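Participant: I have a structure here, written as structure tokens, and I will follow up with some questions on it.
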Amino acid sequence: MDAALPSPTNGPINSPAHSPATSAPVLVKCPHCGTVMPESAEFCPGCGWSMTPLAPGERAAAAVAYLTIVAGTVILFLPAFRKNRFVRFHAWQSVLLWAVFLVLSAVALRLSDVAAAMVFLLFGILAALAMLFLWIVLTLKAWQGERFELPLFGDLAERLP
Ligand SMILES: [Zn+2]
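Residues in the sequence shown are numbered consecutively from -4, following this note's numbering.
What follows is the structure, encoded as structure tokens:
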């Protein structure tokens, strides 16, 4: 409940590389793409690979968050993931993406009449396919433990609590 409580880490850390850093910052290499970054980095700046071990439950939650806007919202409110930056990032990204998709769909539905039916149908099919593709990619990335940022949506999700 209290925001001042220290958050627990993600289970045991396997590597005993926990010597007190005194001089220069320790650099680590991303096992996924080879980008070099400070040891303190949570995510690879190159490809979004998570540098801290993620529990399967966290990856599952992040993937499930993309299921619908409802799933994303529920996960944002779950106390278990209150302090989990990884899960919350994906949940926010899902909520934002779904919100825009639903609003656009509603607007398109209202605007469409018989004359525009063909255009609307084509646009609708294209938009649905694009959303399906995005959805598959995002769910997969979340499941693989990656912080995959969409251009606009990812920026906003990053800033949200
Ligand atoms: Zn990387």
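The beta carbon of each residue, even a glycine, is placed where N, CA and C say it ideally should be. It should be emphasised that the depicted structure is a prediction, and the values quoted were computed from it without experimental measurement.
#1: Alpha helix (DSSP H) containing Pro48: first to last residue?
#2: Starting from the C-beta of Cys25, find all residues in its chain whose C-beta is less than 8 angstroms away, skip the five residues before and the five after it, and write them out in chain order.
#3: Just the Cα atoms here: how many angstroms apart are Tyr61 and Leu147?
#4: Leaving out five residues on either side along the sequence, give the residues of the same chain with a beta carbon under 6 angstroms from the beta carbon of His85.
#5: Spatial neighbours of Asp(-3) within its chain, please: C-beta separation below 6 angstroms, excluding the five flanking residues on both sides.
#6: Tell me which residue opens and which closes the alpha helix (DSSP H) that Val65 is part of.
#7: For Ala16 and Ala36, I'd like the C-alpha separation in whole angstroms.
#8: Tell me which residues share the same chain as Phe81 and place their Cβ nearer than 7 angstroms to its Cβ, disregarding the 5 neighbours each side in the sequence.
#9: Ignore the nearest five residues each way along the sequence and tell me which others in Ala19's own chain have a CB closer than 7 angstroms to its CB.
#10: So is the beta-carbon of His85 under 7 angstroms away from any non-hydrogen atom of ligand 1?
#11: Hey, Leu133 and Trp87: beta-carbon distance below 8 angstroms or not?
Facilitator: Put simply:
#1: In the DSSP assignment, Pro48 falls outside any alpha helix (DSSP H), carrying neither H nor E.
#2: Excluding sequence neighbours, Cys25 sits near Val31, Met32, Cys39, Gly41, Cys42, Trp44 and Met46.
#3: Going by the C-alpha atoms only, they are around 17 angstroms apart.
#4: For His85, where only same-chain residues beyond five positions count, the Cβ hits under 6 angstroms are Ala57, Ala60 and Ala137.
#5: Because the pLDDT at Asp(-3) is just 47, under 50, the model does not fix this residue reliably, and the value given afterwards should be weighed accordingly. Once the five neighbours on either side are set aside, Asp(-3) has no close Cβ partner at all.
#6: According to the DSSP assignment, Val65 belongs to the alpha helix (DSSP H) that extends over Ile64 to Phe72.
#7: Here Ala16 scores only 48 on pLDDT, less than 50, and its place in the model is too uncertain to base an answer on.
#8: Non-local beta-carbon contacts of Phe81 in its own chain, meaning distances under 7 angstroms to residues more than five positions away in sequence, involve Ser45, Leu49, Glu53, Ala57 and Arg142 in chain order.
#9: Taken in chain order, the list of residues that qualify is empty.
#10: No; taking the cut-off as 7 angstroms, the Cβ of His85 has no heavy atom of ligand 1 nearer than that.
#11: In this structure, Leu133 lies away from Trp87, with their beta-carbon atoms at least 8 angstroms apart.
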